[in-house]
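See below for the structure under consideration.
There are 2 protein chains.
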Amino acid sequence: MRDVYHEELDTIGSTLIEMTGLVGTAMSRATSALLDADLQVAESVISADDAVDALQRALDARALDLLARQQPVAGDLRTIITSLRMSADLERMGDLARHIAKVARLRYPESAVPEVLRDTIAEMGRIAVELARKAGEVIDGRDVDLARGLPDEDDAMDQLHRQLFGDLLDKKTEYSTETAIDVTLIGRYYERYADHAVSVARRLIFLVTGEQD
Amino acid sequence: MRDVYHEELDTIGSTLIEMTGLVGTAMSRATSALLDADLQVAESVISADDAVDALQRALDARALDLLARQQPVAGDLRTIITSLRMSADLERMGDLARHIAKVARLRYPESAVPEVLRDTIAEMGRIAVELARKAGEVIDGRDVDLARGLPDEDDAMDQLHRQLFGDLLDKKTEYSTETAIDVTLIGRYYERYADHAVSVARRLIFLVTGEQD
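First to last, the protein sequences are chains A and B.
Last residue of the first sequence: 311 in this note's numbering, with the numbers rising by one and none dropped.
Last residue of the second sequence: 311 in this note's numbering, with the numbers rising by one and none dropped.
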């Protein structure tokens, strides 16, 4: 049987994995809400973000309490500090999914995304959700090899992000300023979400290997 | 004479204040580069951000080392954890100033900001720099009263941010899609910079009073 201290550390780890699940679901649903102009789904993403924030607060309180009461050294200390940083990344990923849902809500019953840009946004959503799923696996398995692969998928996201601007600027289609604003913000939200997922992976690599990239 | 431990804590505090100075200067210069289409200033902002990143790395290493070697309790522990979080906010503020300088560089010799939006952007820049300056004072004086005032200035920033979108959408002027994209991103960078300055102030309030807002 594990002692209370190590049970607390385990709980911190499982909370992080739970957060990756919630922010992945949030992004998947936010993308649907955006592409299908689905108000109900948008609203549910917006209200579900409170649960992510609550998990972050609980995790942070637990981590600070462990630091104060147990004065952990070396490996455990690094685990706790890394967990605090990962929880900040994951909380932010939740915010970004919520931002996308808010754009969907703002433009309802229209879709904020013009038909010709749908495929690009759908693919950005798919990669974002995949990155969140992998971030969860990286934490769960302390999987350095998997973690090292995340920047490649982030490169694919950056590529799509550039393509989105290219499509917006393509003279063949004329977009309204409102659409240009919406799509610029949406693109930025996906890109930042991916950055934070990669950040989670980098922190895990640092935790396990001590390598700072 | 103070012992080495407390000297280290003091160094962390003065590094944070130094970072607020650097990111304030960066934002002031990035705004000039943007409005005056000044390539040289833009380049200098972009390269100067390395110094902010280096300060963050040094601060974080020092903080983690203190945690590991000294096992601080209560107040000192909270100070160190808060400092790690503030350094992350300040590092991000540096990135956002650099992003603005990069937009200026991308559009050189043109200005990315159309004449009619200059005043709004200039005012956003002024508030951003003011927020960084006050964040430094808040840390330096552990000034809870000053910290409590920062959200008001952030409200002014949000107001300007909304006005910027309103101006972009105003039918009186027709903007290119490129301008709509640039101004949308620039506006977002200023707004996020202000959010992080407010976050620094909130963390100081929590550190001193234990109040979580």
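By construction, the Cβ of each residue, glycine as well, lies at the ideal position given by its N, Cα and C atoms.
For clarity, every value in this text was computed on a predicted model and none was experimentally measured.
query	result
What does the alpha-carbon distance come out to for the pair L248 (chain A) and K232 (chain A)?	8 angstroms
Kindly list the residues whose CB is nearer than 7 angstroms to the CB of R160 (chain A), restricted to its own chain and excluding five residues on each side of it in sequence; keep chain order.	E106, T109 and I110
Check whether chain B comes within 8 angstroms of E276 (chain A), counting only Cβ atoms and requiring the distance to be less than that.	yes
Mind checking if R286 (chain A) is an interface residue toward chain B, Cβ cutoff 8 angstroms exclusive?	yes
Could you tell me the boundaries of the alpha helix (DSSP H) in which D217 (chain B) lies?	R216 to G239
Kindly give me the distance between the Cβ atoms of L175 (chain A) and L165 (chain B), rounded to whole angstroms, as I take these residues to be in contact under 8 angstroms.	6 angstroms
Give the interface partners of L283 (chain A) over in chain B, defined as CB-CB distance under 9 angstroms, in chain order.	T282, L283 and R286
Report all residues from its chain with a CB closer than 6 angstroms to the CB of Y291 (chain A); omit the five preceding and five following residues, and keep chain order.	M191, L194 and A226
Please tell me whether I144 (chain B) and R196 (chain B) are closer than 8 angstroms, where the distance is taken between their beta carbons.	yes
Using beta-carbon positions only, say whether A331 (chain B) and A124 (chain B) come within less than 8 angstroms of one another.	Missing from the structure shown is residue 331 (chain B); chain B here goes from 99 to 311 and no further.
Quick check on the burial criterion: 16 or more other C-beta atoms within 10 angstroms. Buried or exposed for D158 (chain B)?	buried
Let me see if you follow: with CB-CB separation under 8 angstroms, is L266 (chain B) close to chain A or not?	yes
Do we get a CB-CB distance below 8 angstroms when we pair I225 (chain A) with the residues of chain B?	no
Rank B:I178, B:M117, B:A172 and B:E208 by C-alpha distance to the C-alpha of L137 (chain B) and give the top, closest one.	B:E208
Exposed or buried, which one is T277 (chain A) when buried takes at least 16 other CB atoms within 10 Å?	buried
Between the segment 242-271 of chain B and chain A, which residues of the former have CB atoms less than 7 angstroms from a CB of the latter, in chain order?	F263, L266 and L267
Consult DSSP for Q261 (chain A) and reduce its assignment to one of helix, strand or coil.	helix
At 8 angstroms on the CB atoms, spell out the chain E contacts of A172 (chain B), in chain order.	In the displayed structure, chain E is absent; the protein chains listed are A and B.
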